[in-house]
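K.L.:
In our numbering, the protein residues as written are 1483 to 1709.
Attaching a single structure in structure tokens format; questions to follow.
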Amino acid sequence: MISGQGSNMRAIVHRIRQQNLPAEVVAVVSSDPNAPGVAWAQEQGITTHVVAPASFSSRREWDTALAHAVQQANPDYILLAGFMRVLAASFVEHYAGRMLNIHPSLLPSFPGLRTHEHALAAGVQWHGCTVHFVTPDLDSGPIIAQVAVFVHPDDTPQRLADRVRLAEHRLYPDVVTWLVQGRVSLNKKGRVDVAGVAPRAYVALSSSESPAQLKILRAGNESSTQA
């Protein structure tokens, strides 16, 4: 589900196809008819549904139409990838444990909007992104994985956002891969376990200005790779 460029959606589609994962993006649902991600999905032969709030006379009608669009696709999982609308609690609860979101901060720090501005204003040394299960409370569901990105002293919100976005494009496809492999589960404490992955799997951008160099830390092993 998207509202704009759908860059994370594109990264997920590319990962599925490049690695021949036994998975398919069955539909893309957008809240904006002009979202570039919709046109891209159509070019890829992916079914699209546009459910724009402005097309409905009430929030309830929009909620109903959105639920119908998702039901038509009959997905195993719902992936929020820059969907900029608050979902009805009943919708979220219906897909509990099957709906994921990516948020541009290291939750629980900086929920909501303008996360990069807030991170710089707070003077944190590390920022990043989080993939988590969705609950009715905003940006507060169980965390699946996070990516930490070093904050440079001379960063601007845009420069920081660009590096975080690069990390998002690595993390979300990784989480989708784990889902397809059946490695993600919720334990009795309501926390997420990922088989074969350390409890906190960070992918940190190096201090280099080059956004292509990623330093990957997982399960106690360290390696570097080019994005």
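For glycine and all other residues, C-beta sits at the position ideal for the given N, C-alpha and C.
Note that the structure is a prediction, hence the values are computed from the model and not measured.
So which of 1509, 1597, 1534, 1519 has the shortest CA-CA distance to residue 1489?
P.N.:
To locate residue 1489, count along the sequence shown from 1; it is residue 7. Checked all of 1509, 1597, 1534, 1519; the closest Cα to residue 1489 is 1519.
K.L.:
Could you say which of 1574, 1654, 1567 lies nearest to residue 1610 if we only look at CA atoms?
P.N.:
Position 128 of the sequence shown, counted from the first residue, corresponds to residue 1610. For the residues 1574, 1654, 1567, the minimum Cα distance to residue 1610 belongs to 1654.
K.L.:
Going by the beta-carbon positions, is the gap between residue 1555 and residue 1529 smaller than 8 angstroms?
P.N.:
Your numbering for residue 1555 matches position 73 in the sequence shown. Your numbering for residue 1529 matches position 47 in the sequence shown. Contact: yes.
K.L.:
Excluding the 5 residues flanking residue 1498 on each side, which residues of the same chain have their C-beta closer than 6 angstroms to its C-beta?
P.N.:
Taking the first residue of the sequence shown as 1, we reach residue 1498 at position 16. Excluding sequence neighbours, residue 1498 sits near 1505.
K.L.:
Please return the same chain residues whose Cβ sits closer than 7 angstroms to the Cβ of residue 1484, not counting the five positions on each side in sequence.
P.N.:
Along the sequence shown, read from residue 1 onward, the residue named residue 1484 stands at position 2. Around residue 1484: 1491, 1510, 1512, 1517, 1519, 1563, 1564, 1565.
K.L.:
Look up residue 1602 in the DSSP assignment and say whether it is helix, strand or coil.
P.N.:
For the purposes of this step, residue 1602 is taken as residue 120 along the sequence shown, with counting starting at 1. Residue 1602: helix per DSSP, three-state reduction.
K.L.:
Is residue 1649 closer than 8 angstroms to residue 1629 when the C-beta atoms are compared?
P.N.:
For this step, residue 1629 is matched to residue 147 along the sequence shown. For this step, residue 1649 is matched to residue 167 along the sequence shown. Contact flag set, yes.
K.L.:
Just list the residues that DSSP pairs residue 1632 with in beta bridges.
P.N.:
On the sequence shown, position 150 is the one that residue 1632 refers to. Residue 1632 is bridged to 1608.
K.L.:
Among all the DSSP beta bridges, which residues are the ones paired with residue 1507?
P.N.:
Looking up residue 1507 in the sequence shown gives position 25. Answer is none; residue 1507 lacks a bridge partner.
K.L.:
Where does residue 1491 sit, in a helix, a strand or coil, going by DSSP?
P.N.:
Numbered from 1 along the sequence shown, position 9 holds the residue referred to as residue 1491. Residue 1491 falls in the helix class under three-state DSSP.
K.L.:
Quick one: measure Cβ to Cβ for residue 1597 and residue 1586, integer angstroms, because I've assumed they're closer than 8 angstroms.
P.N.:
Taking the sequence shown and counting its residues from 1, one reaches residue 1597 at position 115. Taking the sequence shown and counting its residues from 1, one reaches residue 1586 at position 104. 5 angstroms between Cβ atoms; contact.
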